[in-house]
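For what it's worth, my numbering labels the leading residue of the sequence shown as 2, then goes sequentially.
Where is the CB? At the ideal position from N, CA and C, for every residue including glycine.
Take a look at the structure below.
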Amino acid sequence: MMVPVFDGEPTQWLEFWEAFQSSVDQKPLSDAEKLAYLKGYLDGEAKKAIEGYTSGRFYQDAVETLQVQFGKTDSIVRTFKGTRELSVRKI
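Written out as structure tokens, the structure reads:
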């Protein structure tokens, strides 16, 4: 499965996380390897959100940070709502 690059767009979080889990997170890799892969698949705001995690022992913290910041339902709803409002205004 191909893992897409995640740039922090909340509406893309689930697609990214499911692909990352099956390709990396659930594999028998060290946390240091998983963190390196995770950082390699991030860009923009998502990459900035975990740039301070520099050791494998912080892998779970990095994942939790991303889930809280980009994977929460309210973040996704706000993004969709904002997109919908912009579409309505264009009409």
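{"Asked": "Beta-bridge pairing of F7 - partner residues as DSSP gives them", "Found": "L43"}
{"Asked": "Buried or exposed by the 16-neighbour rule on C-beta atoms within 10 Å, applied to V25", "Found": "buried"}
{"Asked": "Nearest-angstrom Cβ-Cβ length linking Y42 and F71, presumed shorter than 8 angstroms", "Found": "Contact flag wrong, Cβ pair sits at about 13 angstroms."}
{"Asked": "Between the CA atoms of L30 and L36 - distance to the nearest angstrom", "Found": "10 angstroms"}
{"Asked": "N-terminal and C-terminal residue of the alpha helix (DSSP H) that V25 is part of", "Found": "Taken as a continuous stretch (DSSP letters only), V25 belongs to no alpha helix (DSSP H), as it is neither H nor E."}
{"Asked": "Under the three-state DSSP convention, the category E19 falls into", "Found": "helix"}
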